[in-house]
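Trainee:
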Amino acid sequence: MKMKAAILEVYTGFVSLLTGMRITLGQAFKPVITVPYPRRTLKMPARFRGHIQFVIDPETGKSRCTACKLCERACPSECISVDGAKLEGQKTKSVTDYKLNFTTCSLCGSCIEACPFDAIEFSKDYNVVALSRDEFNHMDLIQRLAARREASMQNQPPAAPPEPAAPTPAATPAATPQPEEPKVS
Amino acid sequence: MSFLFIEPVRILLYLVGICAFVGANAAYLVLAERKGAGRIQRRPGPNEAGYAGWLQPVADGIKLLSKQVMIPPGTDRLLFCLAPLMVMAPPLICLTVIPFGENLFARNINLGLLLVFSLGSINVMALMLGGWASRNKYAVISAARVVSQNVAYEIPMLLVVITLLMVTGTMNLNEIVQQQGGGFWHWNFFKVWVNPLMPVTFVIFFICMLAETNRAPFDMAEAESELVAGAFTEYGGMGFGVFFMAEYANIVVGCSTATVLFLGGWQSPFIILSGPVFGPLWFLAKMYALILTVIWVRWTFPRTQFYGLLNLSWKILIPISLFTLLLTGAVMKLPLLLHHLF
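This is how it looks when you write it as structure tokens:
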């Protein structure tokens with residue numbers, strides 16, 4: 013009986029090895045699931061938290077911020093400083109200066125929750141890298157808004173249907189959603 | 214064409230041909246290994262250098278060649294420098310007797326098989342020298358492991374080869390291949406009427422070959438997670454590169470031997486498409502199929518523990534190979550004995 017058990021053990025062990033090899037062979041012929049990073053990037057998931065940015069109001073094409081400073085007060089690390097002024101011919105104040113100290117921001121999202129106008133959101137920008145911390149001490153959200161509007165103007169000329177993504181500069185690859193390409197296999 | 218058979222020309226052709234074959238194989242098997250690992254792990258593998266990474270071996274080679282050769286203080290200089298040469302020489306010599314085609318071999322030696330296995334064992338000595346000369350604990354541990362592993366796996370391998378020799382009756386690799394001519398059912402792998410366990414002996418041979426060439430899952434010699442790089446820890450630049458080339462050259466030798474012994478060498482599996490042109494192609498096809506299987510095995514199984522490795526050899530492989538040896542003897546000689554008695 014012991015002999016039989018030993019032979020059975022060797023046999024089942026060998027079969028399990030073959031099963032393992034069948035699995036790896038099966039995986040080898042499935043498509044590749046990685047992405048050649050600098051050339052192609054994945055779309056960030058909806059809940060991804062980058063630094064905050066202004067929402068572009070689709071009606072006016074500008075920010076909805078009224079400089080109410082609720083976000084400034086909500087921030088636990090005091091990294092937001094907002095300034096506003098009442099421009100002529102407008103009922104509400106509009107923002108003139110919005111600085112984010114990203115070096116102390118913990119991405120908690122209190123500012124976004126506090127905002128009564130839904131004027132700020134998390135960006136999907138993860139390529140935030142610089143040689144010195146001064147780049148992130150005073151991130152100017154208004155300037156960034158202007159840059160984004162310019163970029164979107166270049167990518168999508170007005171009164172034209174949205175076209176499949178033109179190659180975008182490598183600086184913010186994740187900011188522009190790209191159509192799902194067939195995976196390189 | 215007669216000048217091809219002059220002795221010096223033949224030696225030169227052999228040297229150039231074998232060195233080119235081994236070099237190209239070492240370079241591109243590394244690429245195949247990395248590509249295969251990538252595919253099995255669902256990633257593309259190296260794909261930046263050249264089209265789809267085809268120039269990666271060139272880049273690696275230039276990198277290794279341009280590195281400074283460092284000899285750590287306190288090492289045995291002579292042995293340290295000698296080890297890479299000694300590890301490279303045996304596979305090069307072994308390839309002299311491997312018949313790539315009907316007329317494509319460097320030497321037709323009667324004891325070719327013996328030459329392959331005796332030089333195959335020297336390889337261990339070279340690894341041990343390298344590990345010992347390095348004056349590094351990791352390297353010495355690795356050297357000790359290599360020796361006990363190779364001693365353990367030499368036994369079932371040679372038992373399997375003896376089984377095969379009883380079937381073939383010759384150690385001449387050319388004759389062994391010639392005996393297997395005429396369709397794949399004549400290959401030693403399928404000769405179940407001689408020994409019902411012939412496929413099992415092939416599997417044992419293959420496992421022992423993996424262990425002898427220090428390939429995963431038996432890569433105790435350079436268990437990266439335990440021993441840094443094992444016997445090669447102190448080697449850098451091309452010294453390290455030569456050890457790697459030797460590893461792949463050994464795989465080539467092992468797979469060629471397996472092809473010759475079990476899979477009919479340059480014989481066509483179907484009687485058609487044989488001849489001086491297709492013969493080497495069949496040989497290479499079988500050999501590379503085996504090599505890809507070696508790569509496939511490496512990226513499937515994790516490294517065994519050392520006692521598991523020795524248990525496998527002493528408790529499973531050696532008893533089975535002894536049993537097949539007895540079985541083959543019985544199947545071959547019992548009819549004769551019965552004939553004599555009655």
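Sequences listed follow chains A and B, in order.
The first sequence maps to residues 13 to 197 in the working numbering.
The second sequence maps to residues 214 to 555 in the working numbering.
Glycine residues also receive a C-beta, built at the ideal position from the N, C-alpha and C atoms.
Remember, predicted model here, so these are calculated numbers, not experimental data.
How many angstroms separate the CA atom of LEU474/B from the CA atom of TRP400/B?
Mentor: 9 Å
Trainee: Could you tell me which residues DSSP puts in a beta bridge with ILE92/A?
Mentor: LEU112/A
Trainee: For the beta strand (DSSP E) containing PHE66/A, name the first residue and the last one.
Mentor: Element bounds for PHE66/A: 64 to 66.
Trainee: Hey, how far is the Cα of ALA61/A from the Cα of LEU54/A?
Mentor: The sequence as given places Arg at residue 61/A; Ala does not occur at that position. Rounded to whole angstroms, ARG61/A and LEU54/A show a C-alpha spacing of 15 Å.
Trainee: So, does the CB of LYS136/A fall closer than 8 Å to a CB anywhere in chain B?
Mentor: no
Trainee: Give the straight-line distance between the Cα atoms of PRO435/B and TYR351/B, rounded to the nearest whole angstrom.
Mentor: Looking at the sequence itself, residue 435/B is Glu, so the reference to Pro does not match. Whole-angstrom Cα-Cα distance: 9 Å.
Trainee: How long is the line joining the alpha carbons of MET422/B and VAL44/A, rounded to whole angstroms?
Mentor: So the two alpha carbons sit approximately 31 Å from each other.
Trainee: What three-state label does DSSP hand MET567/B in the structure shown?
Mentor: With chain B covering only 214 through 555, there is no way to say anything about residue 567/B.
Trainee: Below 8 Å on the Cβ atoms is my guess for PRO270/B versus VAL243/B; work out the distance and round it to an integer in Å.
Mentor: 6 Å
Trainee: Would you decide whether TYR448/B is buried or exposed? Buried here means 16 or more other CB atoms lie within 10 Å of its CB.
Mentor: buried
Trainee: Using a Cβ-Cβ cut-off of less than 9 Å, give me the residues of the stretch 27 to 41 of chain A that come near chain B, in sequence order.
Mentor: LEU29, GLY32, MET33, ILE35, THR36, LEU37, GLN39, ALA40 and PHE41
Trainee: Please return the same chain residues whose Cβ sits closer than 6 Å to the Cβ of THR104/A, not counting the five positions on each side in sequence.
Mentor: THR78
Trainee: Could you give the residue range of the alpha helix (DSSP H) that holds ILE132/A?
Mentor: Where ILE132/A is concerned, there is no enclosing alpha helix (DSSP H), although the beta strand (DSSP E) it sits in stretches over 132 to 134.
Trainee: Using a Cβ-Cβ distance under 8 Å, would VAL510/B count as near chain A?
Mentor: yes
Trainee: Jot down the residue ranges of each uninterrupted alpha helix (DSSP H) in the stretch 419 to 467 of chain B, minimum 4 residues, whole runs only, in chain order.
Mentor: The qualifying runs are 437 to 440.
Trainee: Please state the DSSP three-state secondary structure of ASP152/A.
Mentor: strand
Trainee: Measure the alpha-carbon distance for SER118/A versus ALA159/A and round it to whole angstroms.
Mentor: Taking the straight line joining both Cα atoms gives about 24 Å.
Trainee: Would you report the Cα separation of GLY382/B and GLY478/B, rounded to the nearest angstrom?
Mentor: 17 Å
Trainee: Mind checking which residues open and close the alpha helix (DSSP H) that includes ASN524/B?
Mentor: 519 to 524
Trainee: So, PHE313/B versus PRO482/B, is the Cβ gap smaller than 8 Å?
Mentor: no
Trainee: With 7 Å as the limit, tell me which residues of the stretch 528 to 545 of chain B have their beta carbon closer than that to any beta carbon of chain A; keep them in chain order.
Mentor: Answer in chain order: ILE529.
Trainee: Who are the Cβ neighbours of SER122/A in its own chain at under 7 Å, not counting the five residues just before and after it?
Mentor: ALA86, CYS87 and PRO88
Trainee: Around the Cβ of GLY263/B, are there at least 16 other Cβ atoms within 10 angstroms (buried) or fewer (exposed)?
Mentor: It counts as exposed.
Trainee: Do THR288/B and ALA240/B have their C-beta atoms closer together than 8 Å?
Mentor: no
Trainee: What are the boundary residues of the alpha helix (DSSP H) that includes TRP479/B?
Mentor: Element bounds for TRP479/B: n/a, residue is neither H nor E.
Trainee: With DSSP collapsed to three states, give me the class of SER106/A.
Mentor: Note: SER106/A maps to strand in three-state DSSP.
Trainee: Going along the stretch 225 to 253 of chain B in order, which residues come within less than 9 Å of chain A, judged by CB to CB distance?
Mentor: Flagged, chain order: GLY249, GLY251, ARG252 and ILE253.
Trainee: Report all residues from its chain with a CB closer than 8 Å to the CB of VAL407/B; omit the five preceding and five following residues, and keep chain order.
Mentor: Excluding sequence neighbours, VAL407/B sits near VAL380, THR541, VAL544 and MET545.
Trainee: DSSP puts ALA97/A in a beta bridge; with which residues?
Mentor: Residue pairing by DSSP places ALA97/A opposite SER106/A in a beta bridge.
Trainee: Of the residues LEU298/B, LEU505/B and GLN480/B, which one's Cα is nearest the Cα of TRP495/B?
Mentor: Per the Cα distances, GLN480/B.
Trainee: If I measure Cβ to Cβ from MET200/A and keep anything under 8 Å in the same chain, skipping five residues before and after, which residues do I get?
Mentor: With chain A running from 13 to 197 in the structure shown, residue 200/A is simply not present.
Trainee: May I ask you to report which of helix, strand or coil DSSP gives SER75/A?
Mentor: DSSP places SER75/A in strand when its eight states are reduced to three.
Trainee: Check distances from the C-beta atoms of the stretch 46 to 61 of chain A to those of chain B and list, in chain order, the residues that come in under 8 Å.
Mentor: THR46 and PRO48
Trainee: Can you say whether TYR520/B is buried or exposed, counting buried as having 16 or more other CB atoms within 10 angstroms of its CB?
Mentor: TYR520/B is exposed by the Cβ-count criterion.
Trainee: Going along the chain, which residues of its own chain have a beta-carbon closer than 6 Å to the beta-carbon of LYS14/A, five neighbours each way excluded?
Mentor: Leaving aside the five residues that flank LYS14/A on each side, none in its chain has a CB nearer than 6 Å to its CB.
Trainee: Does the beta-carbon of ASP432/B have 16 or more other beta-carbons within 10 angstroms, so that it is buried, or is it exposed?
Mentor: buried
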